[in-house]
Structure formats: structure tokens, C-alpha cells
Amino acid sequence: MTGLLVAAGVLAVATVIGLWWRSRNGRLRVIGPPPSADRNGEDRDGGDRDAEVLAALGVVSGTPVTLVQFSSAVCAPCRVAARVCAEIAGSRDGVTHLEVDAENQLDPVRSLGVWRTPTVLVVDSTGRIRYRSSGAVRKTELDTAVAAELAATTAAR
């Protein structure tokens, strides 16, 4: 009887963890507005450092929105994410897609906190990461985030 209760408890915990993992997989998270600067004009959260790392990967400053996708060779969801990012970039002016091989770019991967592939970053015109998704990205969420970022860029002009 005790063994049965332990097995039921383990299954319940595993189910809860699985449901939590599934709900977060591919969900686009808002990174937040640009941080305020300290008295020396430096970011308190490392935003400038991220912008430098992204620029070294090929993100061009001034591009309204860049979709940076970290992929690996044996990642099946990466192919889907690449297709989704390419479709969105192809359908909207001012949006570019940059695919990065995570296996060959370990320093940027570590610096940007990429723990799994695919990871998609939505980068604004100043080189700041505005949204982040790990796992199979959801096209509707990504498209909505890109539209919001394009609108913010247009409003700022």
C-alpha cells in the first residue's frame, strides 16, 4: 500500500512539472522596458553588454526589429523556429532574421544566457532584447511582439 502511495505521489509531481514545462515551452516573455541609467549613464542590468554581444553576432544598430535565433544542428524545433522567423521577417518591413549556430558561438550563448535551442530573441533598434522565447516559438505571439515593437519604433520617430 505504501509503495502505491509513493508511486501515485511521484506521478502527480511529474504531471505537475510536465504541465508547467509545457506551458512555458515556446512562450514569449517580455524582458521589459529599457532600464534607467545610473548617475554615470551606465545601464544597471548589462543592456549595453548585451547590445555589444548582439552587434558582434551581426545585429545592425538602427534596424527596427531583429529576430535572433539560436539553433543547433540536431534540433528539430529549430527548423520550425527558423521558418516562423523567416516568414515574419519576410512579411514585415524593418524586420530581419539572424540565425546563430549555438554550438559554434559559445561565448555569446553564455553571455546572453541561452540554455536551450531554439531560443529566439526579439531585439529593438537600440540593440536591447525586448522579448525572449525558449523552445518551439509560437508564431502568433512572435508576430504580435514584432508588431508592438515596430509600432513603438514608429511612435518614437
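Numbering (my numbering), first residue to last: 580 to 736. Beta carbons are placed, not taken as given, at the ideal position from N, Cα and C, and that holds for glycine. A quick note: this is a predicted structure, and the numbers were derived from the prediction, not measured.
Pick helix, strand or coil for residue i, following the three-state DSSP scheme.
i	result
Val-609	strand
Arg-711	strand
Thr-698	strand
Arg-717	coil
Val-589	helix
At what residues does the beta strand (DSSP E) containing residue i begin and finish?
i	result
Glu-678	674–680
First and last residue of the alpha helix (DSSP H) that includes residue i?
i	result
Ser-650	Unbroken run through Ser-650 is the beta strand (DSSP E), 644–650; no alpha helix (DSSP H).
Ser-640	Note, Ser-640: premise wrong, no alpha helix (DSSP H); not H, not E.
Arg-662	655–670
Ser-704	Premise fails: Ser-704 is in no alpha helix (DSSP H) and is neither H nor E.
Leu-685	685–690
If you drop the 5 nearest sequence neighbours on each side, which residues of the same chain put their C-beta closer than 8 Å to that of residue i?
i	result
Asp-722	Ile-667
Gly-673	Thr-642, Pro-643, Val-644, Leu-729 and Thr-732
Ala-635	Pro-687
Val-592	none
For residue i and residue j, I'd like the C-alpha separation in whole angstroms.
i	j	result
Thr-719	Thr-645	17 Å
Thr-642	Ser-704	5 Å
Thr-594	Asn-683	35 Å
Leu-729	Leu-590	45 Å
Thr-696	Thr-581	40 Å
Ser-640	Glu-631	10 Å
Ala-665	His-676	6 Å
Arg-671	Arg-606	21 Å
Val-713	Arg-689	Before going further, note that residue 713 is Ser rather than Val in the sequence given. Distance between the alpha carbons of Ser-713 and Arg-689: 15 Å.
Val-663	Val-716	8 Å
Ala-661	Gly-637	17 Å
Leu-633	Gly-706	7 Å
Ala-727	Gly-669	17 Å
Cβ of residue i versus every heavy atom of the ligand GTP: is any distance shorter than 6 Å?
i	result
Val-644	Because no ligand of any kind appears in the structure shown, any question about the ligand GTP cannot be addressed here.
By Cβ distance below 6 Å, which residues in the same chain neighbour residue i in space, the five residues on each side in sequence not counted?
i	result
Cys-657	Ser-650, Thr-696 and Pro-697
Looking only at its chain, what residues have a beta carbon closer than 7 Å to the beta carbon of residue i, apart from the 5 residues adjacent to it on each side?
i	result
Tyr-710	Leu-607, Arg-608, Val-609, Ile-610, Val-701 and Ala-724
Ala-681	Phe-649, Ser-650, Ser-651, Val-688, Val-693 and Thr-696
Val-659	Ala-715
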